[in-house]
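S.K.: Throughout, the working numbering is defined as the position within the sequence shown, counted from one, plus 90.
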Amino acid sequence: MASSSTRNEGEAKDKSLVDVVFSWTLNDIFNQHLYKHEVQKIPETFSSVEQYLNSYRYPLLEETHADLSSSMSNLSESPRCKILSVKKDKKYKPPKNLVYKMIFETEDSKLEKEVYMPQACDVIAFSDVRPACVKDFIRISYIPALVLGVEDEGNPCMVRILASKPIMLEEGKQKKVLHRDSLFGVFLINIKTNLRIWKALHGGNKNIIKEVLRADSLVGVDCPLCSQKVECISGNDLHSFNLDESQLDAVQSSLATSACNHKKSVKLIWGPPGTGKTKTGSTLLWALLKMKCKTLTCAPTNTAVVEVTSRLMTIVRQALQDGNYGLGDIVLFGNKDRMKIDDHDDLHDVFLDYRCEILEQCFSPLAGWGSQLQSMICLLEEAYQQYHRHPENYESGNGEEEIMEGFRQFIRKRFSFIEKNMRFCINGICTHMPTSFISVRSVKNMYRTLHLLKLFRNLLYTGTFSDEELKKIFSSSETINCTDSTLLLSKSRNECLEILRSLEEFWVPKFTSYHKIKKFCLQNACLTFCTASSSATLCEFKDFWLVVIDEAAQLKECESAIPLQLPNVQHAILIGDERQLPAMVQSKISEKAEFGRSLFERLVTLGHKRHLLNIQYRMNPSISLFPNAEFYSNQISDAPSVKKGSYKQDLLQGNMFGPYSFIDVSYGKEEYDYRYSRKNLMEVAVISQIIENLFRASVANNKKVSVGVISPYKAQVFALTEKLGDKYETHSHFSVSVRSVDGFQGAEEDVIIISTVRSNANGSVGFLSNRQRTNVALTRARYCLWIVGNGQTLINSDSVWSKLVVDAKDRGCYFNLDDDRRLSKAVIDVLVELDKLFYLLDMNSLLFKRARWKVIFGDRFWKSLVRIKNLETRKELVALLMNLSSGWRDRPQVQKNLEVMDGTSSQLLEQNKICGLLNLLWSVDIVKKNKKYIQVLKFWDIVPSKKIPRLAQSLDVFFESYTVDKMNRCKYKCLEGTLEVPMSWKIGRNAVGLKNINDTDYAELSTGLASLNLGKEHIKAKHRSRGKSSQTKDSKRTK
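1) Would you mind reading off the limits of the alpha helix (DSSP H) that contains Arg692?
2) Leaving aside the five residues before and after Ala253 along the sequence, list all residues of the same chain whose C-beta is less than 7 Å from its C-beta, in chain order.
3) Between the Cα of Thr846 and those of Leu894, Gly836, Cys520, spot the shortest distance and give me the residue it belongs to.
4) Among residues of its own chain, excluding the 5 on either side of Val224, which ones have a beta-carbon nearer than 7 Å to its beta-carbon?
5) Excluding five sequence neighbours on each side, which residues of the same chain lie with their C-beta closer than 6 Å to the C-beta of Gly881?
6) Go ahead and pull the three-state DSSP assignment for Glu140.
7) Look at the Cβ atom of Arg861, then the Cβ atom of Val831, and state whether they are nearer than 8 Å.
8) Give the secondary structure of Asp763 by DSSP, where H, G and I count as helix, E and B as strand, and everything else as coil.
9) Considering only residues of the same chain and omitting the five flanking positions on each side of Lys430, which have a CB-CB separation below 6 Å?
10) Thinking just about the alpha-carbon of each residue, which of Phe690, Arg498, Ile298 is nearest to the one in Glu558?
11) With a CB to CB cut of under 8 Å and the five nearest residues on each side skipped, what residues in its chain are close to Arg591?
12) Looking only at its own chain, which residues have a Cβ that is under 8 Å from the Cβ of Val320, when we skip the five neighbours before and after it?
13) Which residue comes first and which comes last in the alpha helix (DSSP H) that contains Thr283?
14) How many whole angstroms separate the CB atoms of Phe951 and Ile1032, which I take to be in contact at a CB cut-off of 8 Å?
15) Which residue's Cα is closest to the Cα of Asp433: Trp1012, Ser400, Asp949, Gly697?
16) For Ile298, which residues in the same chain have their Cβ closer than 7 Å to its Cβ, ignoring the five residues on either side in sequence?
17) What number of angstroms, rounded off, separates the C-alpha of Lys986 from the C-alpha of Tyr757?
18) List the residues that DSSP assigns as beta-bridge partners of His701.
19) Cys520 to Cys171, Cα distance in whole Å?
20) How many angstroms separate the CA atom of Gly1006 from the CA atom of Trp943?
21) Could you pull out every residue in the same chain whose Cβ sits closer than 8 Å to the Cβ of His438, ignoring the five residues on either side in sequence?
22) Count the other CB atoms, across all protein chains shown, that sit within 10 Å of the CB of Phe441; report buried if there are 16 or more and exposed otherwise.
23) With Ile946 and Tyr1023 assumed to form a contact (beta carbons below 8 Å), what rounded beta-carbon distance in angstroms separates them?
24) Does the distance from the C-beta atom of Thr539 to that of Gly418 stay below 8 Å?
25) Using C-beta distances below 6 Å, list every residue in its chain close to Leu875, excluding the 5 sequence neighbours before and after it, in chain order.
26) Checking 8 Å against the spacing of the C-beta atoms, do Glu219 and Phe274 come in under that value?
27) DSSP three-state label for Arg912, please.
28) To the nearest angstrom, how far is the alpha carbon of Asn783 from that of Ile777?
29) Could you tell me which residues DSSP pairs with Trp1075 in its beta bridges?
30) Locate the alpha helix (DSSP H) running through His541, then write down its first and last residues.
31) How many Å lie between Trp597 and Arg504 at the Cα?
32) With respect to the alpha helix (DSSP H) encompassing Asp900, which residues constitute its N-terminal and C-terminal limits?
33) Classify Ser106 as helix, strand or coil using the three-state DSSP reduction.
34) Cα separation between Arg286 and Ser625?
35) What residues match up with Asn1058 in a beta bridge as DSSP calls it?
36) Starting from Pro234 and walking both ways along the beta strand (DSSP E), at which residues does that stretch end?
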């Protein structure tokens, strides 16, 4: 294998990307340093277009290489399918064009993994066994191939592929693959976008590219010749959109740029979170539509494209005056499934595939608009003659009455059929034809035609006519003067004929192929929407004047070169925020080389002018305060609407659940899932409980609430999703969305809960420290933002999260999990479920944070605890320990104790049932601490009932060593209401000696308990003496 330093120097420039990918051996794919020496850091300025384009080629190769390597490493998870047959394609011309037709079986119950559904530009590999690891490729050698297209998407499906090497076939042109001689295909990666970037890096329209090369370019500077024409250009009433000053200034400046013929330019609009970036962009696009400025609008993802198109459609539909006329000037195109078009009814009228299907029917020469128009005219002119031309409509020998009855049915049936087709064509044409091909007058006539035809149909179906009247009406062009109903029908018929004849002057294109209709729609649209990658298919259209890129800071600069190099593009407007998430980069080498940097970010770094949208309308001011200061130098103001008292939502009681809070979960532990992503089950439990509390409050208050849960780690997203299940999916007034930070870019919810996951002593937070990722997570909430995490870990991280925690403490927004009983219980339940009882029973654990009593566990207790495996038993035990340490006592069991114990144990030892099978044995003991004797609880053992006597006998020996004074203090009771609280006594000269007390330093005792030393006045009011040590438990013993 050639080393990276000796690889062909012209590889990145002369070869196609497919050829390079095909040239990689398995060793190359797993060589992490394959392009390490070729990839250089991409500079901020460039001396030439050639240098600019060249600087991205090797980083793109490295990114493709890293993507393929990652896929190979996880081969067992990759979709695969069985190949039923292989056949040489007619374009098969070795040695390079090794094109085959294959039949893929896309449904196979024997395959445990996901079945592969091929798509264009997929890179696949072949194996003669179901591939689970790289070794499976070695059996027949590694043969990568590229999917060129899918001709039949059914099962099985026909696929055309380009192979890197000949696929050995038996004699003859075709080979059927049998079970005993199988061939399998496995999906590796899709390189469609990379192929398009590669092509863009090899040339195109340089108008915009030349403007962005140097630091001294005039990017963002208004043309001096056009700057005075802004008001004239934006004559449309932009004020009706209620834009603030910064938004209006950005729109007007962009409109001036779009109309400029003097210089090429790039305009930057900076939209921090919640500042109305999408509203500003959709208003700008509406104005461009009114100006008939041919504009291409792109975004990095299908989701972002759909979002900006939907916002524009909301504005456009409100302004429509003649049905849907004007929508033909707007086109959205892309992958229907990835865009989830079926979930967006508002976009059906502008989605290209649907538009072409409708226009294909309207343009049909046999059944389309022209044919239906002539059919209706002919029917209204000579329906009676048409009826008699078809002998099947009546039989010889029938009377005139029967003939006329058949005619009534004929005219009604025929008219309804043609009217239905005409209605479809008129609605289709008015909605989907560009306004440059159909005038407002023609549209009005068409809609009037539909109205007149509807009136005629009503008269035809409801009127009563004589035979002679019907005959005359449909065989004469004159108005018949008979009965009123006949007169109305005849008059309506003539009105319909008049307007139908006027429509004969309107013609539709005589396209017969789907491809030509698609080209027609794209060629004549005013606004076109697609992803930046998909814009590569628009190279044949040479009249785009302006390119608008939404979410421009999320788009790699080399990918933005695709739309910016389209023919004749003169201007570009980039809308984004470089302080939010950038583009994703797989390769660490490419990432270090700034491959993921956007054009927007680079221009900002060079100091180019940008229009800042400086008022945020999303977040409660308590939420926006920290990100505004940390990420935007306090340049963003809160809108009056979010400052109102009504914007504060008290969704849950307590300060912890105000508009902004950090909830410290120090008991969590970060762990890996099988994909080496991190999760924290304590945080999962806490968040699940918060959501349950929110849901209950929402139902009780009949308040609609949307909740978003964000975590930077996929494993945590999966754990949260699994925990929540589909519990809240059926409730229309309560919704929960769990996504990664990247998945929440551009989204917002009423409540956002962030799970930070990381919990360790050294403050390691990994990519959580990324400022852009943090900014996105912190700015998604409208009313409440609750951050769940380990405060100490984040403080030690020396990252933006350290500042956040300190800020939360300074503002009084920092809360401990212990402050909420339900959250504490949720964590305790998780520890029990995970069999972490030893951790839970530590004296400093959450279990005893609210305890009134200090507790001690005997050796027997720990040994018995290990043997308890039943989850319900563990839960009941923990609940009992918590109750006892808080002062609760189960008095009815006292008499039962006496029945099974008769020695000294009977005076001190207590028992409580656990699940009806086991018994918790405990007593009050006395320890010496801080110059005091204090009462504590000592848990001796967990045993079945039959073992209690033996345990009691063994403890008798221990208890008999107690002095009378110690016995009395053990039996002493102090009550606060229904709770029994511990007593304490100062050690003085007059104190009775407790020489037998174990003086061990009880460092293990809880230091977080409530104060156990009751004041003298309180003691006198509350305590009761149980008498001398010789007395048994008497009737004064408090329940």
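Idealized CB from N, CA, C, for every residue including glycine.
M.R.: Looking at the atomic coordinates:
1) Per DSSP, Arg692 belongs to the alpha helix (DSSP H) from 689 to 695.
2) The residues are Leu188, Tyr190, Ile233, Ala235.
3) It is Leu894 whose Cα lies nearest to the Cα of Thr846.
4) Cβ neighbours of Val224 beyond the five flanking positions: Leu116, Met162, Leu165.
5) The answer, listed in chain order, is Asp754, Val895.
6) Helix, per DSSP.
7) No; because the gap between Cβ atoms is not below 8 Å, this pair is not in contact.
8) Note: Asp763 maps to coil in three-state DSSP.
9) If we look at Lys430 and ignore the five residues flanking it on each side, it has no Cβ neighbours.
10) When C-alpha distances from Glu558 are compared across Phe690, Arg498, Ile298, the shortest belongs to Arg498.
11) Correct list, in chain order: Ile467.
12) Caution applies to Val320, whose pLDDT of 48 falls short of 50 and renders its modelled position unreliable; the model cannot decide the point.
13) Residues 282 to 290.
14) So it is a contact: roughly 6 Å between Cβ atoms.
15) Taking only the C-alpha atoms, the option nearest Asp433 is Ser400.
16) Apart from the 5 residues on each side of it in sequence, Ile298 sits with its Cβ closer than 7 Å to the Cβ of Lys354, Val356, Leu654, Val659, Ala662 in its chain, given in chain order.
17) At Lys986 the pLDDT is 47, less than 50, meaning the model places this residue with poor confidence and gives no usable figure here.
18) According to DSSP, His701 bridges with Ile359.
19) Here the alpha carbon of Cys520 sits roughly 45 Å from the alpha carbon of Cys171.
20) If you take the alpha carbons of Gly1006 and Trp943, they lie about 25 Å apart.
21) Cβ neighbours of His438 beyond the five flanking positions: Ile431, Tyr444.
22) Buried: at least 16 other Cβ atoms inside 10 Å.
23) Not a contact, Cβ separation roughly 15 Å.
24) Contact: no.
25) Residues of the same chain with a CB within less than 6 Å of the CB of Leu875, apart from the 5 flanking positions on each side, are Ile713, Tyr750, Ile842 in chain order.
26) Per the sequence shown, residue 219 should be read as Val rather than Glu. The beta carbons of Val219 and Phe274 sit closer together than 8 Å.
27) Reduced to three states, the DSSP call for Arg912 is helix.
28) Approximately 10 Å between the Cα atoms of the pair.
29) Looking at the DSSP assignment, Trp1075 forms a beta bridge with Tyr1023.
30) From DSSP, the alpha helix (DSSP H) with His541 extends over 530 to 552.
31) One C-alpha to the other measures close to 24 Å.
32) It spans 890 to 900 - the alpha helix (DSSP H) in which Asp900 sits, taken as one unbroken run.
33) DSSP places Ser106 in the coil class of the three-state scheme, outside both helix and strand.
34) Rounded to whole angstroms, Arg286 to Ser625 spans 9 Å at the Cα level.
35) When DSSP reads this structure, Asn1058 sits in no beta bridge, so it has no partner.
36) 234 to 242 is the extent of the beta strand (DSSP E) around Pro234.
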